[in-house]
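Reviewing the structure listed below.
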Amino acid sequence: MGVLLVGAIPVPWYELDNDFHGVHSEFPCDLYYMDTNGTWTDPDGNGKFNDHSGDLNPEIWVGRLWTPTANGNDAALINDYFTRNHKFRLGMLGHARSALAYPDDDWQSF
Numbered sequence: 099m100g101v102l103l104v105g106a107i108p109v110p111w112y113e114l115d116n117d118f119h120g121v122h123s124e125f126p127c128d129l130y131y132m133d134t135n136g137t138w139t140d141p142d143g144n145g146k147f148n149d150h151s152g153d154l155n156p157e158i159w160v161g162r163l164w165t166p167t168a169n170g171n172d173a174a175l176i177n178d179y180f181t182r183n184h185k186f187r188l189g190m191l192g193h194a195r196s197a198l199a200y201p202d203d204d205w206q207s208f
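In this text, residue positions in the sequence shown follow the numbering used here: the first is 99, and each later residue adds one.
Structure, rendered in structure tokens:
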């Protein structure tokens, strides 16, 4: 079971004073949305979580359909996406039969 976050949903951030390499680290953390029964705290009040208590295993999966646009027409973009997605699943929309691959670490040891 899971949820698809649609639109410009806020991204929760987490920070570690020691990220196991001895340095301060900050990163986006959608585990905040997946963990439906844990407690997340921000003791220093800087808007980034520092602590979590409870089971770290996610209860649900989370995906994002992030659509902020420069012209403020997010609703039209979202509607167009779901219309095309629906047509594709009904077999009413083909695809270009082409792909782009970017292998950036192949043969790195040579």
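Positions of the beta carbon are idealized from the N, C-alpha and C atoms, including for glycine.
As the structure is a computational prediction, the values presented were derived from the model and not from experiment.
Residues bridged to residue i [DSSP beta-bridge criterion]
{"i": "aspartate 153", "result": "Partner(s): none; aspartate 153 has no beta bridge."}
{"i": "proline 126", "result": "Trp111"}
{"i": "arginine 162", "result": "Leu103"}
{"i": "threonine 139", "result": "Asp149"}
Cβ neighbour criterion (16 or more within 10 Å) applied to residue i
{"i": "tyrosine 179", "result": "exposed"}
{"i": "aspartate 133", "result": "buried"}
{"i": "tyrosine 131", "result": "buried"}
Chain-order list of residues whose beta-carbon lies under 8 Å from that of residue i (same chain, five-residue window excluded)
{"i": "glycine 136", "result": "His150, Ser151, Gly152, Asp153, Leu154"}
{"i": "threonine 165", "result": "Val104, Gly105, Ala106, Asp172, Leu175, Ile176, Tyr179"}
Beta-carbon proximity list for residue i, same chain, < 7 Å, skipping 5 on both sides
{"i": "valine 104", "result": "Leu163, Ile176"}
{"i": "aspartate 140", "result": "Lys146, Phe147, Asn148"}
{"i": "aspartate 117", "result": "Ser123"}
Spatially closest choice to residue i from the options, by CA coordinates
{"i": "leucine 129", "options": "Ser123, Trp138, Asp115", "result": "Trp138"}
{"i": "valine 109", "options": "Pro126, Thr181, Asp117", "result": "Pro126"}
{"i": "alanine 106", "options": "Glu113, Asp172, Pro201", "result": "Asp172"}
{"i": "tryptophan 111", "options": "Val121, Gly120, His119, Gly143", "result": "Gly143"}
Same chain only: Cβ atoms within 6 Å of residue i, ignoring 5 sequence neighbours per side
{"i": "tryptophan 159", "result": "Gly100"}
{"i": "aspartate 115", "result": "His122"}
CB-CB length for residue i against residue j, believed under 8 Å
{"i": "glycine 161", "j": "leucine 102", "result": "5 Å"}
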